[in-house]
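Numbering-wise, this note's numbering puts 531 at position 531 of the sequence shown, and it's gapless, one number per residue. For glycine and all other residues, C-beta sits at the position ideal for the given N, C-alpha and C. Please read these numbers as outputs of a predicted model, since none were measured by experiment. For reference, the structure discussed in these notes is given below.
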Amino acid sequence: MPNGHTSSDAVPDPGVERVRVLLPLGLPGPLDYRAVPGPGLGPGAFVRVPLGSAERLGVVWDRESGADGDGIDEARLRDVLEILDAPPLGAVMRRFIDWVAGYTLAPPGAVLKMAMSVPKALAPEAGVSAYLGVPGWPRPEGFRITAQRNKVLELLAAGPPRTPADIRAETGAGASVIKGLEAAGALAVHALAPPSPFAAPDPDRAGPALTPAQAAAAAKLLAAVRAEKFSVTLLDGVTGSGKTEVYFEAIAETLRRGRQALVLLPEIALSAQWLERFAARFGCAPALWHSELGAARRRRTWRAVAEDRAPVVVGARSALFLPYAALGLIVIDEEHDGSYKQEDGVFYSARDMGVVRGHLGALPVVLASATPSLETVVNVERGRYAALRLGERIGSATLPEVGLVDLRAAPPPSGRWLSPPLAEALAETLEAGQQALLFLNRRGYAPLTLCRACGHRLECPNCSAWLVEHRASGRLTCHHCGYALRPPSSCPDCQAEASLAACGPGVERIAEEVSALFPEARQCIMASDTLAGPQSFGDIVAAVTSGAVDILIGTQIIAKGYHFPRLTLVGVVDADLGLSGADLRASEHTHQLLTQVAGRAGRAELPGRVLVQTYMPEHPVMAALASGDREAFIRAEKAERKAAHMPPFGRLAAVIVSGPREGEVDATARALGRVRPNAPGLEVLGPAPAALSLLRGRHRRRFLVKGARNRALQPILRHWLARVRPGKAVRIQVDVDPVSFL
Ligand code: ADP
Ligand code: ZN
């Protein structure tokens, strides 16, 4: 019995009222319960129900949604225990949850769990008590009026009611004094509503005067907001063209119409500059939503969003699942960014599901990028999305000049990674008192440690991956599972002493090389592991902005959106890094990432330049970077995908079989292989060991399902996977529209 109802001998009652309740658990669907008489038990109500010997919170689900209850005997129905004092989950959100579950093949409860991420928010926030004196209070026999009590009584003789904090501030009296007076009946208590956690952004504060191109684009977005219906608009503008100020206008119009706006950003915890600009435009901070938010903040934010007291929410992908009371606009900035794809639990793309949310909620969606994804570009060509183009940088800034450094012709000295042309450009930049950025998308000191005597490589015991040396922390670390150890003094395999050698560079090693080349230069590393939280990230951004840093060395976290006016040189240490491997979008993603990185150079009056170190200068990605001809690159990439029937011209889904015991995983994978779906135009590749064939101690096998664009893969997958019972500890995960192929 999946729901744990206990049997009972009660006589069936034909007139009993059932409700379906979806619980935030991995069950196949909602469960039936007996409705308690009384108001408030409509669809969307948050309820407390029994499940087995425990109690759970859930949501009353619709009858007509196709989500059947479990059809349990009436005799065994159990009662809904309580209707919680929270705004019901709206119909659009319920449809959205069903839709996401249907598309991703996740259990609907697993999707609901994302929308109920803060169970504590389902109880109303406790208000604060405020106190007022009782006129003509008859002092009880023996009640002493101490000096402190007297001060409080005098203060509270006249209104307004004061909170304990106010009372303490004005009289110095603490809680015990108030308690004593309250117990003696000297004070009347008033419950105050909890303060609203978010100030109202002012849509009519003046922002910068928009350029004609920005104004034209803003006008189109305003029209989309006023239409109050579903639309998707791509805001396609080169780096530094002022896209943010343009979509701020759409947010302003949404606020004027009394509705909420949601902005998704890729690295919300690191978006200090973005928040400053928001505050400058709207006069206050927006509501933030990301994983580093504290528990109290999460609770207040969830509740405020549900009660329409959070006009603008800025968040990571999970912000899509907040229970908006009056959502009127969704902006997805850097829409091409890989961090919008969630790859555990429910596998979903926040970009794509954001568009679905817009469709179900009949509201406009804005996708912003300097390097839109091929999916989005093709949707524009098919006429499904509108597009607005900003072709030039703001003010006198121009796009930087990009030069390729052919590492075959100009190799760095042995044991070094900066080629002579790049080292020279760095020297010139420092000489001119300007700033440089060295980009290498690899954390740590060296990606591989190798024994010079026997060739042994230090690998993670839990993952099929090398251990990455982090010299700053004195550790060899697995970037997949976090396993770490101190670097051994001898080879663990052949016991040779002092034979272990670091191979290849990470950002720490580049920093070492910079110190050797330019001992005077002030340098700083920006990588996710060298920064403890948004605060230190904000500090570094401030240091770079103020000119306290000459050379910035960083991974992809610096590629996103930063604006450093004095930064004029960008050096890409290893442009080829992302091009190896079997990733369908390797070229596209490398082009996007390097365009973003290059876009950090020369964003103000000082012109910028970019040097890209590569062994493959003839590669289409490098050619496109050098020529700046994005269209040609997209055309070629599109032609290739089309010929191979790959997305967006075909559909993909990955099926990942994993478990701690290899034999069991293989058995399940083979069983799936034997009953693989067979249909014209459908291809099922695998089972094959995943590129990460061992991950966090789990062995992994993959299938890749390929189908035509006009055919939904979900029914095929559902039918297929239902035919196999996985081994006991084996998990089968489905990744519809996979981004990672590891
Ligand atoms: P993008 O997101 O397209 O890379 P941004 O929105 O970051 O570009 O804008 C680049 C810089 O130009 C920012 O510092 C921004 O404050 C500034 N800016 C944008 N629009 C204007 C404007 N109309 N007038 C003056 N400065 C602007
Ligand atoms: Zn590992």
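Among the options, which has the Cα closest to the Cα of residue i?
i: G29; options: V60, A45, E17 and V47; result: V60
i: S339; options: A387, P266, V313 and R585; result: P266
i: R709; options: A285, T244 and P648; result: P648
i: E17; options: E74, W99 and A484; result: E74
i: E82; options: P138, V134, V19 and Y103; result: V19
i: S419; options: R696, V612 and K120; result: V612
i: R297; options: E125, K341 and P161; result: E125
i: G681; options: R651, E664, L672 and G663; result: R651
i: A206; options: V232, A217 and R277; result: R277
i: S396; options: G602, S271 and T477; result: G602
i: L288; options: T449, V314 and Y615; result: V314
i: A386; options: D202, E508, A35 and A223; result: A223
i: A326; options: R357, D344 and G42; result: R357
i: A691; options: F741, L713 and V657; result: F741
i: L367; options: P620, I540, S515 and T233; result: T233
i: L89; options: T104, V572 and D62; result: D62
i: V128; options: G172, W417 and V189; result: V189
i: S528; options: P620, R442, G38 and A218; result: R442
i: A446; options: G433, L476 and A432; result: L476
i: I244; options: T568, A165, G673 and Y562; result: With the sequence shown as reference, residue 244 is identified as Thr, and Ile is not the correct amino acid for it. When each option's Cα is compared against that of T244, the closest is Y562.
Just how far apart, CA to CA, sit residue i and residue j?
i: V705; j: E249; result: 42 Å
i: V352; j: V365; result: For the record, residue 352 in the displayed sequence is Asp; it is not Val. So the two alpha carbons sit approximately 11 Å from each other.
i: L153; j: V263; result: 49 Å
i: G328; j: L363; result: 6 Å
i: S241; j: T595; result: 14 Å
i: V305; j: M116; result: 13 Å
i: S490; j: R317; result: 45 Å
i: A261; j: T376; result: 22 Å
i: S8; j: R76; result: Here the model assigns S8 a pLDDT of 38, short of 50, so the residue's position is not dependable, and the following value carries that caveat. Answer to the nearest angstrom: the Cα atoms are 6 Å apart.
i: I744; j: H699; result: Any question about residue 744 goes unanswered here, given that the chain covers just 1 to 742.
i: C481; j: F564; result: 34 Å
i: L23; j: G659; result: 26 Å
i: L57; j: D85; result: 12 Å
i: F518; j: V570; result: 16 Å
i: V739; j: L192; result: 49 Å
i: H5; j: L41; result: Reliability fails at H5, whose pLDDT of 42 lies under 50, so the model's placement of it is uncertain and the value that follows must be treated cautiously. Going by the C-alpha atoms only, they are around 21 Å apart.
i: I557; j: V541; result: 12 Å
i: G109; j: R34; result: 20 Å
i: Y324; j: D308; result: 7 Å
i: R168; j: Y131; result: 12 Å
i: P36; j: V312; result: First, the residue type needs correcting, since residue 36 is Val and not Pro in the sequence shown. Whole-angstrom Cα-Cα distance: 37 Å.
i: R725; j: C478; result: 33 Å
i: R382; j: L320; result: 26 Å
i: A654; j: G102; result: 16 Å
i: P43; j: F198; result: 29 Å
i: R566; j: A548; result: 11 Å
i: V736; j: Q714; result: 8 Å
State the start and end residues of the unbroken beta strand (DSSP E) segment that holds residue i.
i: Y445; result: Taken as a continuous stretch (DSSP letters only), Y445 belongs to no beta strand (DSSP E), as it is neither H nor E.
i: W61; result: A54 to W61
i: P364; result: P364 to S369
i: F96; result: Taken as a continuous stretch (DSSP letters only), F96 belongs to no beta strand (DSSP E), being part of the alpha helix (DSSP H) at A91 to T104.
i: T614; result: R609 to T614
i: F439; result: Q435 to F439
Mapping DSSP to helix, strand and coil, what is residue i?
i: Y348; result: strand
i: P14; result: Caution is warranted here: a pLDDT of 45 is assigned to P14, below 50, making its placement in the model unreliable, and no coordinate value can be reported.
i: H290; result: coil
i: M1; result: Note that M1 scores a pLDDT of 35, beneath 50, so its modelled location is shaky and nothing firm can be said.
i: G650; result: strand
i: E520; result: coil
i: E335; result: coil
i: D744; result: Beyond the ends of the chain as shown, which are 1 and 742, falls residue 744; an answer cannot be given.
i: G554; result: strand
i: W274; result: helix
i: E424; result: helix
i: T146; result: coil
i: L467; result: coil
i: D666; result: helix
i: G42; result: coil
Note the first and the last residue of the continuous alpha helix (DSSP H) segment covering residue i.
i: I716; result: Q714 to L721
Given 7 Å as the limit, tell me if residue i has its C-beta closer than that to any heavy atom belonging to the ligand FAD.
i: R718; result: Among the ligands present in this structure, namely the ligand ADP and the ligand ZN, the ligand FAD is not found.
Please write down, chain order preserved, every residue whose beta carbon lies under 5 Å from a heavy atom of the ligand ZN.
C460, N462, C463, C478, H480, C481 and Y483
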